[in-house]
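A short write-up of the structure that comes next.
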Amino acid sequence: MAKYLVIVESPAKVKTIKKFLGKNYEVEASNGHVRDLPKSRMGIDIENDYEPKYITIRGKGDILAKLRRQAKKADKVYLATDPDREGEAISWHLNAALNLEEKKASRITFNEITKNAVKESLKHSRDIDMNLVDAQQARRILDRMVGYRISPLLWSKVKRGLSAGRVQSVALRIICDREEEINAFIPKEYWTLETNLKIPGEKKPLNAKFYGTKEKKLEIESKEEMDRILSDLEGKEYKISEIKKGERSKKPPLPFTTSTLQQEASKALNFSTSKTMRLAQQLYEGVEIKGSGTVALITYLRTDSVRVSEDAAKASEEYIMHNYGEQYVAKNIDVSAKKGSNVQDAHEAIRPTDVSRNPVIVKDSLPRDLFRLYQLIWQRFMASRMTAAKYETTSVKITAGDYLFTVAASKITFDGFMSVYTDSDTKKPESNVLLRSLSKDTKLEFDEHLTEQHFTKPPAHFTEASLVKALEELGIGRPSTYAPTITTIIARRYVAKENKNLYSTELGEVVNDIMKKEFASIVDENFTANVEMLLDMVAEGKVNWKTVIRNFYPDLDEAVNKAEAELEKIEIKDEVSDVICENCGRNMVIKYGPHGKFLACPGFPDCRNTKPYYEKTGVPCPKCAAEIVIKKTKKGRKFYACEKGPDCDFMSWQKPSKEKCPNCGGAMVEKGSKLACLDEKCGFVRENTDKQE
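Numbering follows the working numbering, in which position 248 of the sequence shown is assigned residue number 253; successive positions increment by one, without gaps.
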């Protein structure tokens, strides 16, 4: 009887797949990549048309030796690594490392680790797709060129241990640009007006929101405008001019892609992108389910497609019909399988492998976080196959003199997909029982005005979820790159994460400034998106991968050489401070560590005294007149505080100015090219002439 060897990437898959195949099949794992570019050097022969020099990854020798022994015994070797470009490249490297004969090795892929999918993939084995391999090679080599040419420059000009990356540098720039927007933001004052009106026979008043005049919407931008409107409204009669009833529907969501799963898991479950991907990997590879053994619960987790296979669509339709009723089954869904597609198609949405395995069934078998992620995926997929939710809406227009007020409410008349799932952004419908009794003849009696002053808010700081969304919208990176990119810029301390928000650190700003000045094209969003487009064209066989590299490297080489010659070193010498070491009496010096600047005794190693360094600004504290210094949060985000803290609690995220506000005498802060009063209610703003000079 013939013997077969199936090689997968992860040991976790071995157990899941083994039970689907007969005794004449052996299943082994490569434990990820087996060959890569060397760590000690770039590993690309620039003179020989950018030929990569691959070596066996350290520690993989024993695994490869075992796989070679198994491959010799086998009549056929199936390379079953992940169904994406990286998986294709791993299969290619395995083929080379194991010296497999051309006729002996075949490539198989499956989007889900189920018996049908695995057995079907064996019927459709194929050759390795070199277009996909070349697209992955091109990405790896581009990233290696950027990292190995620019990182040493950062080491020499800033500090050792820094790194630059083709995608991570753009992500850092996006965060830094948002920080600049926030710091330069000038709040604008606006007011809201609501009016409570009494309805005969009702204890609760009707709350109506100010809209404007009968002709157009008005924004109330000052107290003076508000006082004028209130004066105009005095003594006016409030009349219902229109009651309009209607219907609207809310479409079901699309099933998850890698990006949308990361975003929703962040918002709904408070998971980081890396945690979401780690848990999703476990659900894909297989987990132990009581009574069923090792079971793969979801399809492949790295995808940007919302397509659903015909089998999965049919299974979900039957499940919804049986458990919810025919009226919940969606008709004519756009997310249908492409013609000619089969089980090997890697581009399918993230979904449960078996819709009948609902979260309640597996809850006792899964740890809490694994269960919560599976539940989110199951509910989202089922909702995507269900009908829209329907609302009944009521809107009322109320006139008072020349002004118009509105009241709106809605109630669900058919829950549709919302019987299973609502995403974190879905707002509950605003019901208002008072509207049911209203007619055009209803008498309304003025009760009171509710006025409130507000100030516009700056753009929100990026979260992991919103950064993933921005990267996807800009076409930067791919599903597999989002989580490692964010993890890297946080680990390098270029970005700090506090609560859910991402902030650029001082170190991140220094690196970003160098990248923007010296390597403008590499951190340009359009350029990076264009590279992704070219890599797609390589994968489709339309562009030669070496052409992409040939066009990229000479410009990078020129920019690095120019920066090495012209860029001044940042923070090279230890700056002597006026702080005296209490242990030995020497003046302490300012050093730069992984967490930023700190004070150290120059007598090291005899004296090892260190302490935090707070850079002085020369600006007196507006509360106690001591000096304002620059401090950092535990995670590296810069802020301004009084040197006498915590006894004095003054702090600001923007740099304070020596100038006092001419309006209220309070503190002023720098916001981009302007100076603004720290007190939003004062609202004084003027150009910062010192900065312009």
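The beta-carbon is built from N, C-alpha and C at its ideal position, and this holds for glycine as well.
State yes or no: is the C-beta of residue i nearer than 7 Å to some heavy atom of the ligand GTP?
i           : result
glycine 166 : Judged by which ligands are present, the structure shown has none, so any question about the ligand GTP falls away.
In the structure shown, what three-state DSSP assignment does residue i receive?
i              : result
glycine 251    : strand
leucine 42     : coil
glycine 688    : coil
histidine 459  : strand
alanine 320    : helix
cysteine 647   : strand
isoleucine 118 : coil
valine 340     : For valine 340, the predicted structure reports a pLDDT of 48, less than 50, and the residue's modelled location is therefore unreliable. The matter cannot be settled from this model.
aspartate 428  : coil
glycine 345    : Residue placement at glycine 345 is flagged as unreliable, the pLDDT there being 35, under the threshold of 50; the coordinate-derived value follows with that caveat. Three-state result, glycine 345: coil.
serine 227     : coil
leucine 103    : coil
isoleucine 485 : Position check: residue 485 holds serine in this sequence, whereas isoleucine was assumed. Residue state, collapsed to three classes: coil.
isoleucine 294 : strand
alanine 140    : helix
lysine 573     : Per the sequence shown, residue 573 should be read as glutamate rather than lysine. Glutamate 573: coil per DSSP, three-state reduction.
glycine 66     : helix
serine 442     : helix
tyrosine 289   : helix
proline 464    : coil
glutamate 14   : coil
With distances taken from CA atoms, which of the options is nearest residue i?
i              : options                        : result
alanine 110    : Ile118, Leu127, Val123         : Leu127
lysine 24      : Gly291, Leu147, Lys256, Gly170 : Gly291
tryptophan 383 : Leu440, Ala564, Val367, Pro372 : Val367
threonine 197  : Val172, His459, Ser444         : His459
aspartate 14   : Ser45, Lys58, Ile118           : It should be pointed out that residue 14 corresponds to glutamate in this sequence rather than to aspartate. Nearest of Ser45, Lys58, Ile118 to glutamate 14, Cα basis: Ile118.
tyrosine 51    : Ser444, Ala570, Leu443, Lys551 : As written in the sequence, residue 51 is isoleucine, which differs from the tyrosine given in the question. Ranking Ser444, Ala570, Leu443, Lys551 by Cα distance to isoleucine 51 puts Lys551 first.
lysine 208     : Pro88, Glu450, His327          : Glu450
isoleucine 303 : Glu194, Ala79, Asn363          : Asn363
leucine 147    : Leu572, Asp562, Cys612         : Asp562
alanine 393    : Asn328, Cys626, Met423, Lys120 : Met423
lysine 432     : Arg591, Phe524, Lys445, Lys255 : Lys255
threonine 418  : Glu252, Ala501, Leu137, Tyr305 : Glu252
lysine 214     : Asp89, Lys402, Gly670, Ala475  : Lys402
lysine 221     : His466, Thr411, Leu177, Glu184 : Thr411
alanine 270    : Lys649, Lys203, Gly206, Leu378 : Leu378
aspartate 654  : Arg642, Lys628, Pro667         : Lys628
asparagine 212 : Thr200, Arg149, Gln287         : Thr200
isoleucine 49  : Thr86, Asp316, Leu72, Tyr558   : Tyr558
For my contact list, residue i and residue j are in at a C-beta cut-off of 8 Å; report their separation, rounded to the angstrom.
i              : j             : result
isoleucine 494 : glutamate 469 : Actually they do not touch by this definition, with Cβ atoms about 11 Å apart.
valine 300     : alanine 354   : At roughly 20 Å, the Cβ-Cβ gap does not stay under 8 Å, so valine 300 and alanine 354 are not in contact.
glycine 482    : tyrosine 499  : Contact doesn't hold; Cβ gap of about 16 Å is too wide.
serine 370     : lysine 280    : Incorrect: roughly 20 Å between the Cβ atoms, too far for contact.
valine 565     : arginine 171  : No, valine 565 and arginine 171 are not in contact; Cβ-Cβ is about 14 Å, not under 8 Å.
cysteine 589   : cysteine 612  : 5 Å
methionine 520 : valine 528    : 5 Å
Which residues in the same chain as residue i place their Cβ atom closer than 7 Å to its Cβ, once the five residues preceding and following it in sequence are excluded?
i            : result
serine 346   : Any reading at serine 346 needs caution, since the residue's pLDDT is 34, under 50, leaving its predicted position unreliable; the model's value is listed next. Contacts found: none.
arginine 385 : Pro258, Pro260, Phe261, Tyr426
alanine 143  : Leu540, Val543, Trp550, Val553, Ile554
leucine 158  : Val565, Ala568, Glu569
Per DSSP, which one or two residues make a beta bridge with residue i?
i              : result
threonine 200  : Ala213, His454
asparagine 592 : Ile585
aspartate 415  : Checking the sequence, you will find serine at residue 415 rather than aspartate. In DSSP, serine 415 forms a bridge with Thr398.
leucine 259    : Per DSSP, none; premise fails for leucine 259.
tyrosine 30    : Tyr9
glutamate 477  : Note: glutamate 477 sits in no beta bridge, so no partner.
isoleucine 60  : Asp41
aspartate 50   : Glu56
threonine 299  : Glu293
lysine 676     : Lys679
Tell me which residues share the same chain as residue i and place their Cβ nearer than 8 Å to its Cβ, disregarding the 5 neighbours each side in the sequence.
i              : result
threonine 61   : Val39, Arg40, Leu69, Ala102
isoleucine 577 : Per-residue confidence for isoleucine 577 stands at a pLDDT of 43, beneath the threshold of 50, marking its modelled position as unreliable; no derived number is given.
lysine 679     : Ala189, Ile191, Val690, Arg691, Glu692, Asn693
lysine 416     : Tyr396, Glu397, Pro434, Ser436
threonine 218  : Asp407, Tyr408, Leu409
glutamate 186  : Pro463, Pro464
Less than 6 Å between C-beta atoms, sequence neighbours within five positions excluded: which residues of the same chain meet that for residue i?
i            : result
serine 264   : Val473, Glu477
valine 348   : Caution applies to valine 348, whose pLDDT of 31 falls short of 50 and renders its modelled position unreliable; the model cannot decide the point.
lysine 193   : Thr461
lysine 249   : Ser400
leucine 572  : Lys162
arginine 131 : Arg112
alanine 140  : Arg90, Leu540, Val543, Ala544
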